[in-house]
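Engineer: The structure is given below, and queries will be raised subsequently.
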Amino acid sequence: IHGAERRYTFTTADAETPYAAETFDAYARLHRQRATLPRSDETYRLQREWLLGGQGLVTIAERPEGVRGAAYWIVYKRAAYYASGVYAEDDLAHAVIWRSFLALRERGITRASLGWQSKTLTEKERSIEIFRRGFGGADVPVQIVDLRFVSREEAMRGA
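Taking this note's numbering, the leading residue of the sequence shown gets 3, the next gets one more, and so forth.
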């Protein structure tokens with residue numbers, strides 16, 4: 003993290019940041035270029051809307067040749083959820099996430115989630131899990147409820 007902090011310039015933006023749209027656009031450009039599974043245009047549109055509407059945060063890392071890494075967070079109430087990251091350099095992901103944590107804390111966010119740490123199925127997921135463990139924390143049990151809404155008539159029939 004410290005080495006990357008010496009080699010890159012970090013910028014974090016949310017809805018209160020005057021350059022939020024430009025920072026998001028830099029994230030989206032890098033993500034479209036580098037991601038193994040680029041998002042649809044609609045996803046990028048929604049992420050931008052959320053950021054500018056106060057439900058997002060984006061952190062980018064730059065060098066003179068351009069943006070080399072970025073992370074996008076969904077923010078809700080006092081919690082943040084790591085939604086997406088893209089890194090053109092091997093030594094950058096931890097530093098971008100760390101800088102994101104610092105910015106989230108400055109904004110009063112008290113919880114941040116990088117995702118599950120013990121639910122892997124593929125080799126790629128195992129690699130991501132090892133990365134997440136580097137930040138500590140633990141899986142928190144979550145009850146998943148499948149809601150199905152039925153009409154009154156269906157409910158009366160026991161459907």
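Cβ coordinates follow ideal geometry from the N, Cα and C atoms, glycine included.
No experiment lies behind these values; they were computed from the predicted model shown.
1. What are the start and end residues of each continuous alpha helix (DSSP H) run of 4 or more residues lying completely inside the stretch 26 to 83, in chain order?
2. For Asp27, I'd like the list of residues in its chain whose CB is within less than 6 Å of its CB, leaving aside the five on either flank, ordered along the chain.
3. Figure out for me which residue from Ala105, Ala85, Leu104, Thr124 has the closest Cα to the Cα of Leu116.
4. Just to confirm, is the Cβ distance from Ala82 to Leu104 under 7 Å?
5. Within 10 angstroms of the Cβ of Ala23, are there 16 or more other Cβ atoms? Answer buried if so, exposed if not.
6. Shortest alpha-carbon distance to Gly68 belongs to which of Arg8, Ala157, Phe12, Arg101?
Structural biologist: Short version:
1. The qualifying runs are 43 to 54.
2. Here residue 27 refers to the residue found at position 25 of the sequence shown. Result list for Asp27: empty, nothing under 6 Å.
3. Indexing the sequence shown from 1 puts residue 116 at position 114. Distances from the CA of Leu116 to each of Ala105, Ala85, Leu104, Thr124 were compared; the closest alpha carbon is that of Ala85.
4. As a first step, residue 82 is located in the sequence shown; it is residue number 80 there, counting from the start. As a first step, residue 104 is located in the sequence shown; it is residue number 102 there, counting from the start. No; because the gap between Cβ atoms is not below 7 Å, this pair is not in contact.
5. Here residue 23 corresponds to residue number 21 of the sequence shown, with the count starting at 1. Exposed.
6. Start at 1 with the first residue of the sequence shown, and residue 68 comes out as number 66. Selected option, being the one with the closest Cα: Phe12.
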